[in-house]
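Please read the structure below before turning to the comments.
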Amino acid sequence: MIKLLICLSTLFVAAICGCFDKGDKEIGGSCYKFVNQKLSFEDARDWCHYKNPVTMSYLAYVGNQFTANFLASYAHSEFGPAESFFWIGLSRNRTWMPWTWDTGYQAVFTNFGSDQLNQNYAAESITNTKWSSFNDSNTFNFVCSYDPSAPPTFGPPATVGPTGAPTTTTNGVTTPTVPTTTGKK
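With mature numbering (1 follows the signal peptide of the UniProt record, and there is no 0) applied, the sequence shown corresponds to residues -17 to -1, 1 to 168, in that order.
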């Protein structure tokens, strides 16, 4: 009986709390963070994985047309009408390979328009919800998604370089972290 109460309490708290950040939007059991910062696909993916201040996340998973419509509608108000596309978490390693989500799952639902599909990274149109492919030199705003029932994290995981020294990755470039001092000893 106690186990049941604990489980129900946990589910109740998770249901009430929703997303970790009040600015994030919840739909279909996932939370979406709209990031108004133009980055390449790879840098946007790194931001979602390591720099999201509330928890580890992925570039947006879009599993159905309802979610695509919601994201495009909200992106229009969040990013502004002058923006035309935003990154979602769909990519492929080579143009002949299948599309996979940032989560690692192969795409079942797709929403590509009639545009060229000869690039490896997908972005969604704010105006018609259709997806187009782009290369990594394009920069767009982006949307991250995360599971609100997963525990929040506070900062990127610590990394070390080949020499064992701490490193920091910014815009896809890994550099040694230089300790700072606040005064003489």
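Just so it is clear, CB atoms sit at the ideal spot from N, CA and C, and this is done for glycine as well.
Bridge-paired residues (DSSP) for residue i
i	result
Lys8	Tyr15
Ser123	Note that residue 123 is Phe in the sequence shown, not Ser. Leu22, per the DSSP bridge assignment.
Thr83	Ser74, Gln89
Glu66	According to DSSP, Glu66 bridges with nothing at all.
Tyr129	Cys14
Tyr107	Correcting the residue type first, residue 107 is Glu in the shown sequence and not Tyr. Partner(s): Phe69, Trp114.
Tyr41	Ser128
Phe95	Trp114
Assigned exposure category for residue i - 16 Cβ within 10 Å defines buried
i	result
Val18	buried
Phe125	buried
Gly72	buried
Val91	exposed
Arg77	exposed
Asn52	exposed
Phe117	buried
Gln89	exposed
Thr110	exposed
Ala65	exposed
Asn47	exposed
Ser60	exposed
Ser13	buried
Ser97	exposed
Ser56	exposed
Cβ shell of residue i (< 6 Å), same chain only, five flanking positions each side left out
i	result
Trp114	Asn94, Phe95, Ala105, Glu107
Asp29	none
Thr112	Ala51, Asn52, Ala55
Short Cβ contact (7 Å threshold) for residue i with residue j
i	j	result
Ser128	Ala43	yes
Thr86	Ser23	no
Ser74	Asn103	yes
Tyr15	Lys8	yes
Pro131	Cys2	yes
Contacts around residue i, its chain only, beta-carbon distance under 7 Å, and the 5 residues preceding and following it disregarded
i	result
Ala133	Thr38
Gln20	Asn124
Thr50	Ile10, Gly11
Ala27	Leu42, Trp70, Phe125
Asn101	Thr78, Ser116
Trp84	Tyr44, Gly72, Leu73, Ala90
Same chain, Cβ closer than 8 Å to residue i, neighbours up to 5 away in sequence not counted
i	result
Phe62	Phe17, Asn19, Phe69, Ile109, Asn124
Pro81	Arg75, Gln89, Ala90
Ser67	Ser108, Ile109, Thr110
Gln99	Ser115, Ser116
Residue-chain proximity (residue i, chain C), Cβ-Cβ < 7 Å
i	result
His59	The structure shown contains no chain C, having only a single protein chain.
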